[in-house]
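FYI, the numbering for the sequence shown is 1 to 192, going by the numbering used here.
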Amino acid sequence: MNDLNNLREPESIASIWADTRAAGFTMASEPLTCSLLRTLAASKPSARFLELGSGTGLSTAWLLDGMDSESRLTTVDNDESLLAILKRNVGADPRLTVVCSDGDEFLRSLRGERFDFIFADTWAGKYRLLNEALELLNPAGLYVIDDMLPQPNWPEGHAEKVASLIAALEAMEGYRVTKLSWASGVILVSKL
Ligand SMILES: C[S@@+](CC[C@H](N)C(=O)[O-])C[C@H]1O[C@@H](n2cnc3c(N)ncnc32)[C@H](O)[C@@H]1O
Numbered sequence: 001m002n003d004l005n006n007l008r009e010p011e012s013i014a015s016i017w018a019d020t021r022a023a024g025f026t027m028a029s030e031p032l033t034c035s036l037l038r039t040l041a042a043s044k045p046s047a048r049f050l051e052l053g054s055g056t057g058l059s060t061a062w063l064l065d066g067m068d069s070e071s072r073l074t075t076v077d078n079d080e081s082l083l084a085i086l087k088r089n090v091g092a093d094p095r096l097t098v099v100c101s102d103g104d105e106f107l108r109s110l111r112g113e114r115f116d117f118i119f120a121d122t123w124a125g126k127y128r129l130l131n132e133a134l135e136l137l138n139p140a141g142l143y144v145i146d147d148m149l150p151q152p153n154w155p156e157g158h159a160e161k162v163a164s165l166i167a168a169l170e171a172m173e174g175y176r177v178t179k180l181s182w183a184s185g186v187i188l189v190s191k192l
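Below, the structure is given as structure tokens:
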């Protein structure tokens, strides 16, 4: 088995990657994680999805490719130039709402709302406001993060933040947690 063979990526991905490279964006989500996101998304019909950290829309495109027609995805990033790439490539999808905002502020504004799936790919809802993000999950909802294995671009002190986050997730009551030392390092959390 070769994990990277025949991923059958969404149609928009080639164009998003071309724009992503041209923009010099280096924090893009990798294909394996994105493929997992799509497969998980396909298991949640008529669901509400939240993505924290849209980037240029790679993970957004894969999530949309797994979602059914009744599902809705809200994605947020604070960089308008990255979101312009996302909008150019997948912005016409009626299931998608794109928000340009500070992640912390936006996450706080969602208090009281509920989601079935959260991909937390920025500081908000991952290294900050973790409990606030998990609070947004419906029962049986899924929370997904990646980049948990050491990466060459981690700044000084980041490894300690990752270790603290993993320890916090491991200790939580009311959730079921699985760590995957696969791709960039993925953690799956489901709410009881
Ligand atoms: C790991 S990247 C997201 C990658 C994206 N999910 C993909 O598929 O390529 C993290 C993103 O967080 C965004 N970001 C950083 N600080 C932020 C903040 N305070 N509020 C909102 N977004 C932020 C960055 O602009 C960047 O696009």
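C-beta: ideal position from N, C-alpha, C; glycine also.
Please confirm if L40 has its CB atom under 9 Å from at least one CB of chain D. Here there is only one protein chain, and chain D is not present.
What is the residue span of the beta strand (DSSP E) that G141 lies within? As a first step, residue 141 is located in the sequence shown; it is residue number 141 there, counting from the start. It spans 137 to 145 - the beta strand (DSSP E) in which G141 sits, taken as one unbroken run.
Taking 8 Å as the cut-off, is the C-beta of D65 nearer than that to any heavy atom in ligand 1? The residue labelled residue 65 in the question sits at position 65 within the sequence shown. Outside the cutoff, so no.
Just the C-alpha distance for W17 and N78, rounded to the nearest angstrom, thanks. Within the sequence shown, residue 17 is the residue found at index 17, counting from 1. Within the sequence shown, residue 78 is the residue found at index 78, counting from 1. Taking the straight line joining both Cα atoms gives about 20 Å.
DSSP-derived helix/strand/coil call for F25: Counting from one through the sequence shown, the residue named residue 25 turns up at place 25. When secondary structure is reduced to three states using DSSP, F25 falls in the coil class, being assigned neither helix nor strand.
The segment 172 to 188 contacting the segment 22 to 36, beta-carbon criterion three pairs below 8 Å: At 8 Å Cβ cutoff, the stretches touch.
For S59 versus R95, is the C-beta spacing smaller than 9 Å? On the sequence shown, position 59 is the one that residue 59 refers to. On the sequence shown, position 95 is the one that residue 95 refers to. Not a contact, by the Cβ cut-off of 9 Å.
Ligand 1 heavy atoms versus the CB of V186: any closer than 8 Å? The residue you call residue 186 lines up with position 186 of the sequence shown. Not so, every heavy atom of ligand 1 lies at least 8 Å from the Cβ.
Quick check on the DSSP output: the alpha helix (DSSP H) that includes R48 runs from which residue to which? Counting from one through the sequence shown, the residue named residue 48 turns up at place 48. First-last for R48: 48 to 52, but that is the beta strand (DSSP E), not the alpha helix (DSSP H).
Provide the residue span of the beta strand (DSSP E) that contains T97, from first to last. Stepping through the sequence shown from its first residue, residue 97 is reached at position 97. Counting along the chain, the beta strand (DSSP E) containing T97 begins and ends at 96 to 100.
Enclosing beta strand (DSSP E) for A84 [first to last residue]: Here the question's residue 84 lines up with position 84 in the sequence shown. Element bounds for A84: not the beta strand (DSSP E) but the alpha helix (DSSP H), 80 to 90.
Count the other CB atoms, across all protein chains shown, that sit within 10 Å of the CB of S101; report buried if there are 16 or more and exposed otherwise. For this step, residue 101 is matched to residue 101 along the sequence shown. It is exposed - the Cβ of S101 has fewer than 16 other Cβ atoms within 10 Å.
Report the CB separation of V177 from L169 in whole angstroms; it is logged as a contact under 8 Å. Translated into positions along the sequence shown, residue 177 becomes position 177. Translated into positions along the sequence shown, residue 169 becomes position 169. Going by Cβ atoms, the distance from V177 to L169 rounds to 5 Å, so yes, they are a contact pair.
How is T75 classed by DSSP in three states: helix, strand or coil? Translated into positions along the sequence shown, residue 75 becomes position 75. Residue state, collapsed to three classes: strand.
Looking at the strands, I want to know which residues DSSP matches up with S190. Here residue 190 corresponds to residue number 190 of the sequence shown, with the count starting at 1. For S190, the beta-bridge partners assigned by DSSP are L142, R176.
Within 10 angstroms of its Cβ, does A38 collect 16 or more other Cβ (buried), or is it exposed? Locating residue 38 in the sequence shown gives position 38, where the first residue counts as 1. Ala is not the amino acid found at residue 38; the sequence shown has Arg there. It is buried - the Cβ of R38 has at least 16 other Cβ atoms within 10 Å.
Grouping DSSP H, G and I as helix and E and B as strand, with all else coil, what is R38? Counted from its first residue, the sequence shown places residue 38 at position 38. Looking at R38 - three-state DSSP - the assignment turns out to be helix.
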